[in-house]
Amino acid sequence: MQSFDLGKEGLRALNSALHGLRGQTNMTDWEVINPKGSHAIAAGVDAPVDITVRGSTGYYCAGMNKQATIRIKGSAGPGVAENMMSGTVIIDGNASQYAGATGRGGLLVIKGNASSRCGVSMKGIDIVVHGNIGHMSAFMAQSGNLVVLGDAGEALGDSLYEARLFVRGSVKSLGADCIEKEMRPEHYAILEDLLKRGEADGKAKPEEFRRYGSARKLYNFNIDNAAAY
Amino acid sequence: MCGIVGLFLKDPKLEPQLGAMLTDMLITMTDRGPDSAGIAIYGGGKDGLGKITIQSATPDKDFKNLDGDLHDAIGQPVTLLVKSTHAVLEVPLDQMGAARSALAHLRPGVKVMSAGDSIEIFKEVGLPKDVAARFEVSKMKGTHGIGHTRMATESAVTTMGAHPFSTGADQCLVHNGSLSNHNGLRRELIRLGKTFETQNDTEVAAAYVSRKLEEGQSLGEALESGLDDLDGFYTFVVGTKNGFGVVRDPIACKPAVMAETDQYVAFGSEYRALVNLPGIEDARVWEPEPATVYFWER
Chain R
1 MQSFDLGKEG LRALNSALHG LRGQTNMTDW EVINPKGSHA IAAGVDAPVD ITVRGSTGYY
61 CAGMNKQATI RIKGSAGPGV AENMMSGTVI IDGNASQYAG ATGRGGLLVI KGNASSRCGV
121 SMKGIDIVVH GNIGHMSAFM AQSGNLVVLG DAGEALGDSL YEARLFVRGS VKSLGADCIE
181 KEMRPEHYAI LEDLLKRGEA DGKAKPEEFR RYGSARKLYN FNIDNAAAY
Chain C
1001 MCGIVGLFLK DPKLEPQLGA MLTDMLITMT DRGPDSAGIA IYGGGKDGLG KITIQSATPD
1061 KDFKNLDGDL HDAIGQPVTL LVKSTHAVLE VPLDQMGAAR SALAHLRPGV KVMSAGDSIE
1121 IFKEVGLPKD VAARFEVSKM KGTHGIGHTR MATESAVTTM GAHPFSTGAD QCLVHNGSLS
1181 NHNGLRRELI RLGKTFETQN DTEVAAAYVS RKLEEGQSLG EALESGLDDL DGFYTFVVGT
1241 KNGFGVVRDP IACKPAVMAE TDQYVAFGSE YRALVNLPGI EDARVWEPEP ATVYFWER
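These protein sequence lines map, in sequence, to chains R and C.
The opening position of the first sequence corresponds to residue 1 in this note's numbering, with each subsequent residue numbered one higher.
The opening position of the second sequence corresponds to residue 1001 in this note's numbering, with each subsequent residue numbered one higher.
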C-alpha cells in the first residue's frame, strides 16, 4: 500500500507519482489522505492500479482516467471523471455538476446524488447513479449508458444522440428530441450487468427502469424543427 | 469566476471566532478571486447606537477629527474607530440620517460601505490575505458574516466594485456570476429613487433586493422575485440583521456548497473553503438546488 498525504506532499507530487506508473507495476494499491477538496486529484492516471481517496475532492478528480480504479470516500466536486477513457471511478457520496462529462469509456459509479449536467456529451462511458441526477443531464450524449436509480431533473437527454438513459424514478421533463423507448431483452441484460458492476444489484431490478433515447429528429438541420433547436 | 464564503452561527460559543473562521475560508478562495476581497460582518451593536462603515482613499485627511466635526454637526456624540482605509462610526440611531447627510457635506470624498444596527463592511483591492490582514478580520466577532473574493468580469477593479454591496440598512449581497439585464434594471431602480455608486451588475441585484424589502416583501420573497426579474448567471449570498440567504439561478453553473451542523450553517463556492470548520466531517453537506431560495434566520 502506497499512502500519500496530500496535505504534506502536495498535488503535483501525487500526480507525477501516479503518472509515472505505466504499464505493469507492483505499486498497485494507493491511498490518498487529506484531500480536503483539492482539485485534479489523480487526474490523468494510465495504469491498472487501485487508488482510494479518503475524503472529499474538488474539481476534476480522476479526470481522463485510463485503466485505474479510483474510489472517493467522500463527495466529489465538479467534473469528476471528466473524459474518462477506461477503468472505474466509484464515489461514496454525492457528485457535483457534469460528472463523467465527455467520458469515452469505463464505469463511473455515484452512490449518492449527482447534480446538474451529469454525463453531458458522454461518448461511451457507463454511469450508474444510486440517487438522483440534476437538470440537463446527458445533454448531447452520444453513446454509453446512464443508469439512474432515483429521479432525473429537468430536460433529461436534451439533443441526445445514441446514448441510452435508464431511469427508475420520475423524470421531471425530457429535453428536446429525447423520448421514452421500449425496454427490449438486450436492455435488461445491459442493466443487469451495470447494476452489478455499479454495486447496485441489491438496490434495484432491471424491470423497474424505463428507457429514454433519441427520437433522431435533430440529427440534421431541418427547417421544420427550427423551434426545437 | 469569484469566490463566496459565508457563516451563520447557531452556537454563540463560536461567535468570538467568526472573523478567524471567515478569514481562513476567504483566503482559501483566493484563486477564485485575487483582484479584491471584502467581508460583511454582523457584530451586533450597542443599544441605541447605529454603525456606519465608511471608506476613504485619503483616510489620514478624511478621518482626522471626523468624530468631532460630526458631533458639532448633529449635536450628539459620535465615536470613530479607524481601520486602515475604513472606519466605523457609532452614531445614535435616531441621528443616522442626519449623520449621513452631514458626512456627505463634511467629507465629500468619503464613501459609505454600510449602515445599520449590526453590519460592518470592509473591502479593498488586493489579495484576500492582504485585505483580511489590513482590516484585522480575524479578530472580529459576530453572529454571521459573508466574504467575497473577486475576479472582475464586467466592471473595473476598484474598492467600490468589490463585494459585498450594501444598499439598505443591515443588508448585504455578494455574487458569483454576471447579470445580463442590469443596465435596464438600474434605470428602473433609479426612477424609483435608488442611487448607485458603480456600474457594477451586483450592485443592481443588491438594490433590487433592497427595493423589494422596502415594498414589504420578506427576504425570501425578494429572492423569489429576483428569480423572475434578474437575468444571467448568479449564486447570491445575502445577509440581513438576523438572517442569511442563498439563491442560485435556474441554470446553476456557478458552484455552491453548503454545510450545516448544530453549530453553524456555512457556504462556500467550493468544498475546500469549508474543510477547516469544526465538525465538518460529520456535517450535512449539500449543493443548493437551482432556483431555490434558502434562508436561515435567528
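Each residue gets a CB set at the ideal place from its N, CA and C atoms; glycine is no exception.
Under 8 angstroms, Cβ to Cβ, is there at least one residue of chain C near K36 (chain R)? yes
**Closest by C-alpha distance to D46 (chain R), when choosing among R:D201, R:L218, R:T57 and R:N83** = R:N83
Neighbour list for S115 (chain R) in chain C, Cβ cutoff strictly below 7 angstroms
E1287
Review point. Which class does A1178 (chain C) belong to by DSSP, given the choice of helix, strand or coil?
Key: Per the sequence presented here, residue 1178 (chain C) reads as Ser, with Ala not at that position. Here S1178 (chain C) sits in strand by DSSP.
Does the Cβ-Cβ distance between G74 (chain R) and G55 (chain R) come in under 8 angstroms? yes
Look at V148 (chain R) and R168 (chain R) and say whether their C-beta atoms are less than 8 angstroms apart. Their beta carbons are under 8 angstroms apart, which means V148 (chain R) touches R168 (chain R) by this criterion.
Considering only the beta carbon of each residue, do F1295 (chain C) and L1173 (chain C) sit closer than 8 angstroms?
Not a contact, by the Cβ cut-off of 8 angstroms.
- Message: For A1252 (chain C), would you say it is in contact with chain R, using Cβ-to-Cβ distances shorter than 8 angstroms as the test?
- Response: Cβ-Cβ to chain R under 8 angstroms: yes for A1252 (chain C).
(Q) Using DSSP's beta-bridge definition, name the partner residues of G213 (chain R). (A) R:I179
Using DSSP with H/G/I as helix, E/B as strand and the rest coil, what is A1206 (chain C)?
-> helix
query = So the alpha helix (DSSP H) P35 (chain R) belongs to, where does it begin and stop?
reply = Segment: none, P35 (chain R) is in no alpha helix (DSSP H) and carries neither H nor E.
**Prompt:** What does DSSP give as the partner residues of M1258 (chain C) in its beta bridges?
**Reply:** C:F1267 and C:W1286
Minimum C-alpha distance to V109 (chain R) - residue among R:A43, R:D92, R:G144 and R:L14: R:D92
Residue-level contact to chain R via CB, R1272 (chain C), 8 angstroms cutoff: yes
Secondary structure at K1061 (chain C), three-state DSSP: helix, strand or coil? helix
| said: Going residue by residue through the stretch 143-191 of chain R, where are the continuous alpha helix (DSSP H) segments of at least 4 residues, counting only ones entirely within it? | reply: You should have found no qualifying run.
Who are the neighbours of V1246 (chain C) on chain R, taking C-beta pairs under 9 angstroms?
-> Neighbours of V1246 (chain C) on chain R: none; closest Cβ ~15 angstroms, over 9 angstroms.
Q) CB-CB under 6 angstroms to A1222 (chain C), same chain, minus the five flanking residues each way: which ones, in chain order? A) V1209, K1212 and L1213
CB Q97 (chain R) to CB M122 (chain R), shorter than 8 angstroms? No, the pair does not count as a contact, with Cβ atoms beyond the cut-off.
Below 9 angstroms between beta carbons is the criterion; list the residues of the stretch 1100-1128 of chain C that meet it against any residue of chain R, in chain order. Those would be none; no residue qualifies.
Worksheet entry | Cβ-Cβ separation, G1232 (chain C) to V1247 (chain C) (assumed contact under 8 angstroms), whole Å | Actually they do not touch by this definition, with Cβ atoms about 13 angstroms apart.
Quiz item: Going along the chain, which residues of its own chain have a beta-carbon closer than 7 angstroms to the beta-carbon of K1111 (chain C), five neighbours each way excluded?
Solution: I1054, Q1055, M1160 and E1197
Report buried or exposed for N26 (chain R), applying the criterion of at least 16 other Cβ atoms within 10 angstroms of its Cβ. exposed
Inset, instruction - Would you check if the distance between the CB atom of V1265 (chain C) and the CB atom of F1008 (chain C) is smaller than 8 angstroms? - result: yes
In chain R, what lies closer than 7 angstroms to V1275 (chain C) by C-beta? K36 and G37
Give the residues from the stretch 1064-1091 of chain C that approach chain R closer than 8 angstroms (Cβ to any Cβ), ordered along the chain.
none
Candidates C:G1239, C:M1029 and C:T1158: which alpha carbon is nearest E1120 (chain C)'s?
C:G1239
Please list, in chain order, the chain C residues whose beta carbon lies closer than 9 angstroms to that of H135 (chain R).
P1250, I1251, A1252 and P1290
Discussion item. At a CB distance below 9 angstroms, what residues from the stretch 37-57 of chain R approach chain C? Give them in sequence order.
Written reply: G37, S38, H39, G55, S56 and T57
Alpha carbon to alpha carbon, what distance is there between N145 (chain R) and G119 (chain R)?
Cα-Cα distance, rounded: 9 angstroms.
Using a C-beta to C-beta distance shorter than 9 angstroms, which residues of chain C count as neighbours of G131 (chain R)?
None at all; the shortest Cβ gap to chain C is about 12 angstroms.
Discussion item. So if DSSP puts P1092 (chain C) in a beta bridge, which residue, or which two residues, is it bridged to?
Written reply: C:L1049
What residue range does the alpha helix (DSSP H) around K111 (chain R) cover?
Where K111 (chain R) is concerned, there is no enclosing alpha helix (DSSP H), given that its DSSP letter is neither H nor E.
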